[in-house]
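Under numbering that gives the first Met the number 0, the first residue of the sequence shown is numbered 0, with each subsequent residue one higher.
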Amino acid sequence: MNNQKCFQTEGIIDASSKGAWEKVGGIPLVARNLYYLNKYGVKKITVIIPPYKKPPNLKKWAGDSNVNFVKKEDSLLYHLSQIKTETVFYLDSSFLFDERIINKILNSRPNTIFLRDSSDKESKKLLMCLLDRTGIDVWKNKGISALFRKSNIVYLDDIESYSLEMRGEVKPYVVHVQDRRSAKQATWILIKSMQKKVMDLPAEYLDPLFEDHLTALLCNTPITPNMVTIFSFIVATVIAFLFYQGYFVIGAFCTYIVEILDGVDGKLARTKLEFSRFGEYECVVDYFYENLWYISLGLGLKKIYHGNLPLFLSGIMVLCDTLDNIIYTLSMKWFNKNLDLFSPFDMRFRKIAGRRNIYCFMFMIGFSLGYYLQTFIATSIWAFITVVVHTIRLIQYNRKLR
Numbered sequence: 000m001n002n003q004k005c006f007q008t009e010g011i012i013d014a015s016s017k018g019a020w021e022k023v024g025g026i027p028l029v030a031r032n033l034y035y036l037n038k039y040g041v042k043k044i045t046v047i048i049p050p051y052k053k054p055p056n057l058k059k060w061a062g063d064s065n066v067n068f069v070k071k072e073d074s075l076l077y078h079l080s081q082i083k084t085e086t087v088f089y090l091d092s093s094f095l096f097d098e099r100i101i102n103k104i105l106n107s108r109p110n111t112i113f114l115r116d117s118s119d120k121e122s123k124k125l126l127m128c129l130l131d132r133t134g135i136d137v138w139k140n141k142g143i144s145a146l147f148r149k150s151n152i153v154y155l156d157d158i159e160s161y162s163l164e165m166r167g168e169v170k171p172y173v174v175h176v177q178d179r180r181s182a183k184q185a186t187w188i189l190i191k192s193m194q195k196k197v198m199d200l201p202a203e204y205l206d207p208l209f210e211d212h213l214t215a216l217l218c219n220t221p222i223t224p225n226m227v228t229i230f231s232f233i234v235a236t237v238i239a240f241l242f243y244q245g246y247f248v249i250g251a252f253c254t255y256i257v258e259i260l261d262g263v264d265g266k267l268a269r270t271k272l273e274f275s276r277f278g279e280y281e282c283v284v285d286y287f288y289e290n291l292w293y294i295s296l297g298l299g300l301k302k303i304y305h306g307n308l309p310l311f312l313s314g315i316m317v318l319c320d321t322l323d324n325i326i327y328t329l330s331m332k333w334f335n336k337n338l339d340l341f342s343p344f345d346m347r348f349r350k351i352a353g354r355r356n357i358y359c360f361m362f363m364i365g366f367s368l369g370y371y372l373q374t375f376i377a378t379s380i381w382a383f384i385t386v387v388v389h390t391i392r393l394i395q396y397n398r399k400l401r
């Protein structure tokens with residue numbers, strides 16, 4: 000991202016249509032686009048609003064950008080001509096844009112126009128563009144057809160589909176929002192795009208069926224991602240108590256509630272654009288309650304089997320989980336890359352590797368069959384194998400780069 004370039008670029012968000020004010024993912028579409036412009040370094044933004052509308056309070060999403068509201072009483076070309084900076088970035092806020100599109104156009108050379116496909120070019124409708132004074136003069140003196148001919152055109156198919164944040168291929172999207180119905184459809188597309196790739200089997204194939212519906216339900220409520228995280232922690236603490244008291248089957252099935260909520264808080268944060276410092280340390284909360292489960296299981300099983308083996312297994316689980324977290328941390332610190340993305344083998348192994356979701360399903364199946372200690376032994380062995388595999392892969396990858 001060329002921040003110096005963006006400091007010299009002023010943004011114009013056209014929010015003069017009804018669709019710009021429809022809520023997508025729980026917030027007005029204009030607020031979402033305002034957030035992305037601020038995120039990618041545009042610090043001076045003009046928002047064109049309908050003549051009848053009072054300037055709204057969008058400071059929550061504007062961040063440190065200076066936002067000016069003007070009523071649409073002239074043509075778009077007139078508003079673009081009023082910009083004094085070297086370049087101007089324009090965006091039609093009645094569209095939900097994949098943020099990769101915004102980033103791509105902002106980093107393009109001036110006089111670049113984004114279109115969904117060739118039909119937009121024929122209709123001469125501007126969805127998003129980066130123009131300089133030359134481009135605006137061409138439009139003013141020779142018409143928009145001349146601007147299209149002389150500009151660099153970027154189509155939706157030109158946008159990179161790989162998402163580093165989602166750890167895989169996520170098809171770029173553009174959705175025209177005109178009313179509540181289309182806003183609801185746009186919300187679903189947005190939520191679906193939040194699904195991370197390269198996950199364990201339950202998280203990739205089963206959990207989204209519940210996570211997506213719950214996220215869609217919560218995004219239009221005052222419930223925040225932090226509230227979901229706190230509630231998840233409370234449920235996780237109750238599960239630890241159940242394990243300690245010997246209610247292994249009930250506790251095992253309740254772990255799936257935590258598994259779903261753990262996916263919901265992240266999706267809700269990305270959908271509502273509500274991020275906090277507390278959310279950044281969610282992994283610490285996860286580490287605490289997961290290991291609390293293993294310790295509680297050991298203590299609960301010791302009451303039945305009386306030997307020290309359950310406590311020994313608890314120690315193995317806690318130690319392996321800690322080592323695995325260290326390995327992942329080293330992978331990011333040394334290579335700036337998630338260990339699961341080293342190779343196709345690592346991606347496939349991630350689907351079954353020893354992690355909370357896999358252990359929970361092992362608990363549900365094994366405890367339901369009455370094999371309490373045997374199941375805990377199996378998860379401990381799998382946890383150890385996982386750490387060994389991850390350690391070997393970290394060493395191999397380090398040698399490969401030397």
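Even glycine gets a Cβ: it sits at the ideal position worked out from N, Cα and C.
query, result
"Indicate the three-state DSSP secondary structure (helix, strand or coil) for Tyr304 in the structure shown.", "helix"
"Can the beta-carbon of Ile303 be found less than 9 Å from the beta-carbon of Leu372?", "yes"
"What's the gap between the Cα of Thr8 and the Cα of Ser93?", "21 Å"
"Quick one: what's got a C-beta closer than 6 Å to Phe247's C-beta in the same chain, skipping five residues either side?", "Phe366 and Tyr371"
"Leu130: which of Arg115, Pro109 and Thr270 sits nearest, CA to CA?", "Pro109"
"Looking at the unbroken beta strand (DSSP E) that takes in Phe96, where does it start and where does it end?", "Phe94 to Phe96"
"Which residues in the same chain have their Cβ closer than 6 Å to the Cβ of Ser15, if we skip the five residues on either side of it in sequence?", "Ile47, Pro49 and Lys71"
"In whole angstroms, what is the alpha-carbon distance linking Trp381 and Met165?", "26 Å"
"Apply the 10 Å Cβ neighbour rule to Lys399 and answer buried if 16 or more other Cβ atoms are within range, or exposed otherwise.", "exposed"
"Is it buried or exposed, Ala19, if we count other Cβ atoms within 10 angstroms and call 16 or more buried?", "buried"
"If you compare alpha carbons, which of Tyr255, Thr220 and Glu210 is closest to Phe232?", "Tyr255"
"Bridge partners for Pro27 per DSSP, in chain order?", "Lys22"
"Just verifying my parser: in three-state terms, what is the DSSP assignment at Cys253?", "helix"
"Evaluate Met316 with the Cβ neighbour count: other Cβ atoms within 10 Å of its Cβ, from every protein chain shown; 16 or more gives buried, anything less gives exposed.", "buried"
"Using the Cα positions of Lys22 and Gly134, report the straight-line distance between them to the nearest angstrom.", "33 Å"
"State whether the segment 93 to 102 contacts the segment 173 to 181, with contact taken as three or more CB pairs (one from each stretch) at a distance under 8 Å.", "yes"
"Tell me which same chain residues have a C-beta within less than 6 Å of the C-beta of Lys195, skipping the five on either side of it?", "Met165 and Arg166"
"Determine the DSSP secondary structure at Gly245, reduced to helix, strand or coil.", "coil"
"Taking 9 Å as the threshold (C-beta atoms), are Ile326 and Leu338 in contact?", "yes"
"Please state the DSSP three-state secondary structure of Thr223.", "coil"
"Should the segment 115 to 122 be regarded as contacting the segment 144 to 155, the criterion being three or more beta carbon pairs within less than 8 Å?", "yes"
"Express the C-alpha separation of Pro27 and Lys17 in angstroms, rounding to a whole number.", "11 Å"
"Under 9 Å between the Cβ atoms of Thr186 and Gly306?", "no"
"Anyone know if the C-beta pair for Ala202 and Glu258 falls short of 9 Å?", "yes"
"To the nearest angstrom, how far is it from the Cα of Gly406 to the Cα of Leu368?", "Examination of residue 406 is not possible in this model, given that the chain is present from 0 through 401 alone."
"What separation, rounded to the nearest whole angstrom, lies between the Cα atoms of Ile394 and Phe334?", "12 Å"
"To the nearest angstrom, report how far apart Asn397 and Asp345 are at their CA atoms.", "15 Å"
"Mind checking which residues open and close the beta strand (DSSP E) that includes Met127?", "Met127 to Asp131"
"By the 10 Å Cβ neighbour count, where 16 or more other Cβ atoms means buried, how is Cys403 classified, buried or exposed?", "In the structure as shown, the chain begins at 0 and stops at 401. Residue 403 is therefore absent and cannot be evaluated."
"Measure the beta-carbon distance from Val69 to Thr45 and round it to whole angstroms, keeping in mind my assumption that it falls under 8 Å.", "6 Å"
"Please report how far the alpha carbon of Ile188 lies from the alpha carbon of Leu267, in whole angstroms.", "14 Å"
"If we count the other Cβ atoms within 10 Å of its Cβ and call it buried at 16 or more, is Asp116 buried or exposed?", "exposed"
"Since I believe Arg355 is in contact with Glu281 (beta carbons under 8 Å), could you give me their beta-carbon distance rounded to a whole number of angstroms?", "So it is not a contact: roughly 13 Å between Cβ atoms."
"For Glu210, count neighbouring C-beta atoms within 10 Å of its own C-beta (all shown protein chains included) and say buried if the count is 16 or more, exposed if not.", "buried"
"Once you ignore the five residues that flank Thr374 on each side, which residues in its own chain have a CB closer than 7 Å to its CB?", "Met361, Phe362, Gly365 and Phe366"
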